[in-house]
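Engineer: Following this message is one structure expressed as structure tokens.
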Amino acid sequence: MRPEQILKEPARVLTQAQREHYFEHGFVGVEELLPQDLLSQLQRVTESFVDQSRAVTESGDQFDIGPGHTADNPVLRRLKSPDEQSEAYWNFATGLMADVAADLVGPNVVFHHSKLNFKWFDASDTVKWHQDIQFFPHTNYNVLTIGCYLADTTMENGPLAALRGSHNEDLYNQYDSNGNWTGMLSDEDAATVDSSRIEYLTGKAGSITVHNARTLHYSPASKSPVPRPLLLNCYTSADAKPYTPHPQPTSNTYKVVRGEMAHWAEHDPRPCQIPPDWSGGYSSIYAAQAGEDKPGMM
């Protein structure tokens, strides 16, 4: 569906102004959307997984840990696939967040993936400038990610930053000069980003951010010793069909969470870069940007 068609659909959660902001700029932030009881539940569950990660000594299918991770000082960069780790996360993904997605991709919504990223007081937690759609190209660009801050997020602890209007511009090359996937812009391309168009999406716990998969975004390192968790859920319109293998599928991948499955794919004529062959697995954007991942090339 085109933006003008989606905007004619009745809103479920967002205001019309918030929906229009998303389509104009490629992202939107909504302050303190979550009810307190739901937020508290997600915070408790998240803390339990941080405690579980203390027993982990290397990254695996559940946890992606950073340098210096120990039982006494856990450096959990990502809880992978939280939709399968806890019923609370899956209920959240198919509840309020699915309604938000329907306001922006149309009434027929498909779940793509989830992840729980953490910001620690460590330079390794910087997420560099990148676009999401090159990781999982689809037949059209009704693909978005909704982030939920589980802790107050200010300029001190690494908020999401997005570039206004970048979703309507050309996509960047996210391979290096040797043909290796990096999942980010080159230093040369990053240096050309117009800083006057950057918006930092801060917010109190329970606030959400939404960005289109074409939108250029990054997250600076945290200056706070207190970890900042961000729960992310990615959705597509039902008529957006994947071109390549899913980077990290779960039992919930491609489930219809609102409306019904589409029997016809909608095609956007704009090209999209093809990522490496993810059929052998994927760790995290942190590992890719740090050069820890060396997946096979297609």
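Just so it is clear: in the sequence shown, position 295 is 296 by this note's numbering, and no numbers are missing.
Backbone N, C-alpha and C fix where the C-beta goes; we use that ideal spot for every residue, glycine too.
1) Below 8 Å on the Cβ atoms is my contact criterion, and I expect His218 with Leu161 to pass it. Report the Cβ-Cβ distance as a whole number of Å.
2) Which one of Lys81, Gly30 and Thr216 has the shortest CA to CA distance from Val101?
3) With a threshold of 8 Å, are at least 3 pairs of Cβ atoms found where one atom belongs to the stretch 228 to 240 and the other to the stretch 165 to 175?
4) What is the rounded straight-line gap between the Cα of Lys81 and the Cα of Lys116?
5) Look up His139 in the DSSP assignment and give the residues it is bridged to.
6) Here's a check: name, in chain order, each residue in its chain whose Cβ is nearer than 6 Å to the Cβ of Ala1, leaving out the five neighbours to either side.
7) Could you tell me if Ser223 is buried or exposed, where buried requires 16 or more neighbouring beta carbons within 10 angstroms of its beta carbon?
8) Would you report the Cα separation of Asp65 and Leu43, rounded to the nearest angstrom?
9) Could you say if the stretch 83 to 90 and the stretch 35 to 54 meet the contact criterion of at least three C-beta pairs nearer than 8 Å?
10) Over what stretch of residues does the alpha helix (DSSP H) that includes Leu97 continue unbroken?
11) Would you report the Cα separation of Lys242 and Thr251, rounded to the nearest angstrom?
12) Which residue or residues does DSSP assign as beta-bridge partners of Glu200?
13) Can the beta-carbon of Glu67 be found closer than 8 Å to that of Arg55?
14) Among Glu33, Glu21, Thr140 and Ile7, which has the Cα closest to the Cα of Pro270?
15) Output the distance between the C-alpha atoms of Asp1 and Ala152, rounded to the nearest integer angstrom.
16) Here's the rule I'm using: 16 or more other beta-carbon atoms within 10 Å means buried, otherwise exposed. How should Arg198 be labelled?
17) Is the distance from the Cβ of Pro248 to the Cβ of Phe137 below 8 Å?
18) According to DSSP, is Leu43 helix, strand or coil?
19) Thinking just about the alpha-carbon of each residue, which of Arg259, Asn253 and Ser280 is nearest to the one in His113?
20) Is it right to say Trp121 is buried, meaning 16 or more other beta carbons lie within 10 angstroms of its own, or is it exposed?
21) Considering only their Cβ atoms, is the gap separating Tyr173 from Trp182 smaller than 8 Å?
22) In or out: Met262 buried (at least 16 other Cβ within 10 Å) or exposed?
23) Since Pro230 is in the beta strand (DSSP E), which residue starts that stretch and which ends it?
24) Smallest Cα separation from Asn109: which of Met185, Met2, Tyr244 and Leu40?
25) Drop a sphere of 10 angstroms on the beta-carbon of Pro230, count the other beta-carbons inside from all chains shown, and report buried for 16 or more, exposed for fewer.
26) Using beta-carbon positions only, say whether Thr203 and Met156 come within less than 8 Å of one another.
27) Under a Cβ-count criterion, where at least 16 other Cβ atoms within 10 Å of its own Cβ denotes burial, should Ala103 be classed as buried or exposed?
28) Run through the DSSP bridge pairs and tell me what Phe112 is partnered with.
29) Does the distance from the CB of Pro4 to the CB of Phe28 come in under 8 Å?
Structural biologist: Result, derived from the coordinates:
1) Position 217 of the sequence shown, counted from the start, is the residue given in the question as residue 218. Position 160 of the sequence shown, counted from the start, is the residue given in the question as residue 161. Contact between His218 and Leu161 is confirmed by a C-beta separation of about 6 Å, below the 8 Å threshold.
2) Here residue 101 refers to the residue found at position 100 when the sequence shown is read from its first residue. Comparing alpha carbon positions, the residue from Lys81, Gly30 and Thr216 closest to Val101 is Gly30.
3) Taking a cut-off of 8 Å for Cβ pairs, the stretch 228 to 240 and the stretch 165 to 175 do not touch, as fewer than three such pairs fall below it.
4) Here residue 81 refers to the residue found at position 80 when the sequence shown is read from its first residue. Here residue 116 refers to the residue found at position 115 when the sequence shown is read from its first residue. Roughly 5 Å separates the two Cα atoms.
5) Counting from one through the sequence shown, the residue named residue 139 turns up at place 138. Its beta-bridge partners are Pro243.
6) A question about residue 1 goes unanswered here, because the residues of the chain that appear run from 2 up to 299.
7) Here residue 223 refers to the residue found at position 222 when the sequence shown is read from its first residue. So Ser223 counts as buried.
8) Stepping through the sequence shown from its first residue, residue 65 is reached at position 64. Stepping through the sequence shown from its first residue, residue 43 is reached at position 42. Computed Cα separation, rounded: 19 Å.
9) Because the criterion of three Cβ pairs below 8 Å is met, the stretch 83 to 90 and the stretch 35 to 54 touch.
10) The residue you call residue 97 lines up with position 96 of the sequence shown. Start and end: Leu97 to Val106.
11) Numbered from 1 along the sequence shown, position 241 holds the residue referred to as residue 242. Numbered from 1 along the sequence shown, position 250 holds the residue referred to as residue 251. Distance between the alpha carbons of Lys242 and Thr251: 17 Å.
12) The residue labelled residue 200 in the question sits at position 199 within the sequence shown. Beta-bridge partners assigned by DSSP to Glu200: Ala163.
13) The count along the sequence shown starts at 1 and reaches residue 67 at position 66. The count along the sequence shown starts at 1 and reaches residue 55 at position 54. Before going further, note that residue 67 is Gly rather than Glu in the sequence given. Not in contact: Gly67 and Arg55 (Cβ atoms no closer than 8 Å).
14) Mapped onto the sequence shown, residue 270 falls at position 269. Checking every option, the nearest Cα to that of Pro270 belongs to Thr140.
15) Missing from the structure shown is residue 1; the chain here goes from 2 to 299 and no further.
16) Residue 198 sits at position 197 when you count from the first residue of the sequence shown. Within a 10 Å sphere around the beta-carbon of Arg198 sit fewer than 16 other beta-carbons, which makes this residue exposed.
17) Numbered from its first residue, the sequence shown carries residue 248 at position 247. Numbered from its first residue, the sequence shown carries residue 137 at position 136. Yes, these two residues count as a Cβ contact at 8 Å.
18) Numbered from its first residue, the sequence shown carries residue 43 at position 42. Helix, per DSSP.
19) Taking the sequence shown and counting its residues from 1, one reaches residue 113 at position 112. Per the Cα distances, Asn253.
20) Residue numbering aside, residue 121 sits at position 120 when the sequence shown is read from its first letter. That one is buried.
21) Position 181 of the sequence shown, counted from the first residue, corresponds to residue 182. Position 172 of the sequence shown, counted from the first residue, corresponds to residue 173. The Cβ atoms of Trp182 and Tyr173 do not sit closer than 8 Å to each other.
22) Looking up residue 262 in the sequence shown gives position 261. Exposed, because fewer than 16 other Cβ atoms sit within 10 Å of the Cβ of Met262.
23) The residue given as residue 230 occupies position 229 in the sequence shown. Pro230 -> beta strand (DSSP E) spans Arg229 to Ser238.
24) Start at 1 with the first residue of the sequence shown, and residue 109 comes out as number 108. Of the listed residues, the one whose Cα sits closest to Asn109 is Met2.
25) Within the sequence shown, numbered from 1, the residue matching residue 230 stands at position 229. Burial is judged here by how many other beta carbons sit within 10 angstroms of a residue's own beta carbon; Pro230 has at least 16 and is buried.
26) As a first step, residue 203 must be located in the sequence shown, where it is residue number 202. As a first step, residue 156 must be located in the sequence shown, where it is residue number 155. A contact, by the Cβ cut-off of 8 Å.
27) Taking the sequence shown and counting its residues from 1, the one referred to as residue 103 is at position 102. Note on Ala103: 16 or more other CB atoms within 10 angstroms of its CB, so buried under the neighbour-count rule.
28) The residue labelled residue 112 in the question sits at position 111 within the sequence shown. DSSP output for Phe112 lists Tyr236 as bridge partner(s).
29) In the sequence shown, the residue the question calls residue 4 occupies position 3. In the sequence shown, the residue the question calls residue 28 occupies position 27. Result no, Cβ atoms of Pro4 and Phe28 do not sit closer than 8 Å.
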